Each structure stands twice: as C-alpha cells, then as structure tokens.
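Undergrad: Numbered according to the working numbering, the sequence shown terminates at residue 342, and the numbering increases by one at each position without gaps. Note that the Cβ used here is the ideal one computed from N, Cα and C, for glycine as well. Just so we're clear, the structure is a prediction, and the values are computed from it rather than from any experiment.
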Amino acid sequence: MEIQSVVFPSVIEAYSVQLKGVTRYELNGLKIQDGNTDYLIGNLALTEGKNPHKAINSYVNEADYGLLIKAALLVATKFIHEPLVVTTGFPLSTININKRQAIEFVSGIDNIVYDSSPAGGDGYKTRQLEIADVNIIGEIEAANKAVRDIPEKKLSNFFIVSLGYGTVEVALSTPDGMVKRTMASGSGLRYAINRAMDQLNESHYLGLRTEHQFDIAFQKGKIVVNRRPLDLTEVRSRTLQNYYNEVISSLIRNHWSDEDFNTAESLVLVGGGAYYKDLVNCFKEEFDSILEVFIPERPAFQASIGYCLNSFEMAEGNKSVCVGIDIGNAQTVISLFKDS
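#1: What do you get for V87, buried or exposed, if any count of 16 or more other CB atoms within 10 angstroms of its CB means buried?
#2: Which first and last residues belong to the beta strand (DSSP E) in which N137 is found?
#3: As a quick exercise: from G273, E204, S12 and D280, pick the residue whose alpha carbon is nearest that of D66.
#4: In terms of residues, what are the limits of the alpha helix (DSSP H) holding A198?
#5: Taking Cβ to Cβ, would you say L165 is nearer than 9 Å to V272?
#6: Could you give the distance in angstroms between the alpha-carbon of D36 and the alpha-carbon of L69?
#7: Who are the Cβ neighbours of I292 in its own chain at under 8 Å, not counting the five residues just before and after it?
#8: For F296, which beta-bridge partners are listed by DSSP?
#9: Thinking C-alpha only, which one of E294, R255, D341 and S189 is nearest N331?
#10: Would you call the region 191 to 203 and the region 171 to 181 touching, i.e. three or more CB-CB distances under 8 Å?
#11: At which residues does the alpha helix (DSSP H) containing R240 begin and terminate?
#12: Give me the DSSP bridge partner(s) of K156.
#13: Looking at Y309: is its Cβ nearer than 9 Å to the Cβ of Q221?
#14: Under a three-way DSSP split, which group does E64 fall into?
#15: Quick one: what's got a C-beta closer than 7 Å to F285's C-beta in the same chain, skipping five residues either side?
#16: Mapping the DSSP letters down to three states, classify S175 as helix, strand or coil.
#17: Please list, in chain order, all residues of the same chain as A74 whose beta carbon is under 6 Å from its beta carbon, the five residues on each side excluded.
#18: Tell me where the beta strand (DSSP E) around D36 begins and ends.
#19: Which residue from S7, E28, E288 and L32 puts its Cα closest to that of Y17?
#20: Look up L94 in the DSSP assignment and say whether it is helix, strand or coil.
#21: Please check the pair S187 and L94, which I expect to be a contact at CB under 8 Å, by giving their CB distance rounded to whole angstroms.
#22: Count the other CB atoms, across all protein chains shown, that sit within 10 Å of the CB of D112; report buried if there are 16 or more and exposed otherwise.
#23: My assumption, with CB atoms under 8 Å, is that V149 sits in contact with L253. Please give the rounded CB distance.
#24: Consult DSSP for M185 and reduce its assignment to one of helix, strand or coil.
#25: Could you give the first and the last residue of the continuous alpha helix (DSSP H) run that contains A305?
#26: For D40, list the residues DSSP reports as bridge partners.
#27: Residues in the same chain with beta-carbon distance under 8 Å from K56, minus the five sequence neighbours each way, listed in chain order, please.
#28: Considering only C-alpha positions, which residue in the set N38, A144 and N45 is nearest to R26?
#29: Give me the Cβ distance between D40 and D117, rounded to the nearest whole Å; I'm assuming they're in contact under 8 Å.
#30: Between the region 119 to 133 and the region 149 to 160, do three or more beta carbon pairs fall short of 8 Å?
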C-alpha cells in the first residue's frame, strides 16, 4: 500500500491585503479565514508575509494549531473521500495535555472558509467538511508504526530517534510496542538553530528574520546578508555537533541501558534532523561498533505516514477516507494512500 505525502511550511501570518493570482498552485496559495481575520499559511506566508511564524509545540487552543489543521484538512479534501478518518498527534511532552481537546476540536470542524484568490480563484469559498473519526497518538509512536510497515526492513528490536524541530524523542522499539522506560524527549533542532543565529549575530546583522526563516537558510547551508552570500556550513556543523553532545547523547545515556543494547541491532533515525549529514555522522561515530544506523526513505514524513496507517486501522481498511496529519514545528505533512 503506497502512501503519498504533501507538505507545506508550518508558518502563519495575519494578513488583510488582497492577494490575487500570485501563484499557479493551490498549495502555495493557502489563505484561511478565522473569525474576521485572514491568515497566510505555509509557502504563501513565506513569500508574501513579513513575519511568518509558529509557536513551538503549540497547544490546541492556540491559533497556530487550528489554522494549520484546517489548512491540512483543506489540502486533504483534494485527494480523498468523505467522511474523513483523521489521525494526528503530539510529542511525548504535550500529548497528555492536548489529546482530549484535540479530538474534540478536529471532530468539530465542519467547514473551512478560505480565499482562493492567491491561486487565481474567484474569492472566498466555504468548504463543507464531514469527519467520521479522529484519533491522537504520539509522534514517535506514529513514526515507529511507519518504520515497522517498511516491507524490505523487517526489524525485530531497534532503537528509534525522532529528530524534530521542537523536540527530539528516543525509545527502544519491540514488536510488542515501545519500552516505556526507554522513552524520553529533549530539545529539538531549534536548539542548534538558535545557537547558530546567536553566533552569527555577533559578527553579522541578520535583520528581522524569524527563526523559521533562518531555519530554511540553515538547511540550505547559506544565507544572504547585506546582499552578500554567507556560507553557513561551518557554523551548522559546529552547532549540530554541540547539540548532539549536549542534548542527544546525554538523553540516550540516561535512558538506554547496556542490557537494551544487547537486545537491538539497529538505530533508526526519523524526522527532519535525519537530513543533516553532520548530525547523522555523530550517531555513527558513537554507535558504529554496536548498531547499524538506518534512515528510512523520507525520514521527515514518517510520523505523518504512521498517522495515516493508524487511520487505515480505524477505517477498517477503507483507504479512500484515511489521512494522517503531522503538524510539525517546521513543516506540516499530510499523508494519504496513493490510489485513494
């Protein structure tokens, strides 16, 4: 069962000016109305906005969460049938606080008001929505479900590390589930990105860039400052290595025992941090003699794929209504079955 994913940056900005025909693609023209306020979402906020942002690990009652969920559901309706079966989630640190409220909130969304003008449409529209069922599970639980569904990689016991923007999560996974004792979370990639911003600000004026805007430059390894290109690869490598030593390695030492290492042969890296070679090399240097470091295809999409697989179980095999939504701090990923 092949799953496809659609992604947009997890940023929003309140915006009152009309935008018409600024993009040819609906995904790049997301503009949602909430109450009496219009918001640019994702790529449109990055291209047309001045202060694209998102609260880190936002709660259900914050505007960021509601707007990104609505935008994701709007995108999902372009691909699948209704009534929708939806799974989304939260990191370990906030799932217990948010779970009940999130189920109630998502279940209660019955229409989405949006402006189609940015993508060349004829103005405001209301998309009626029918949602049959909603579930909330942990991000690392979802990523684990996705990894265990990879047909060519049938693993028994393995360690899993989810390298997210706001949170890093670790656990030992067995066929019966994740071992609770080994599950822990700490500061995510934002730790390294803010360190890099602080270091660069000592010698360069970065302007009024938000950390989400700087994150894009951090990924690319370069930024333009005062109309001059600035290479970020050295500062990126240094801050990622410090982040690994100060946060990740100590988190693992405090929660994984030698006996755990006797039961597992692989270490699986998921999340956006798995794209950074410098960070992956830190794992290989520490664990190369004892564990195979494995990165699945599309590591940043694994939580969303796992959410989609959970929806498939809830829908009793009806692929045409299933959607998984990962409201990440850096990007929002919508996953659904390709032939739905």
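TA: According to the data block:
#1: buried
#2: I133 to G140
#3: S12
#4: R192 to N203
#5: yes
#6: 8 Å
#7: F263
#8: V270
#9: S189
#10: no
#11: T235 to Y245
#12: BP columns for K156 are empty, so no partner.
#13: no
#14: coil
#15: L269, L271 and V295
#16: strand
#17: I327, T334 and I336
#18: K33 to D36
#19: L32
#20: coil
#21: 5 Å
#22: exposed
#23: Not quite, the Cβ-Cβ distance comes to about 20 Å (not below 8 Å), so this is no contact.
#24: coil
#25: Q304 to M316
#26: Q35
#27: S12, V13, I14, D66, L70, H214 and N331
#28: N45
#29: 6 Å
#30: no
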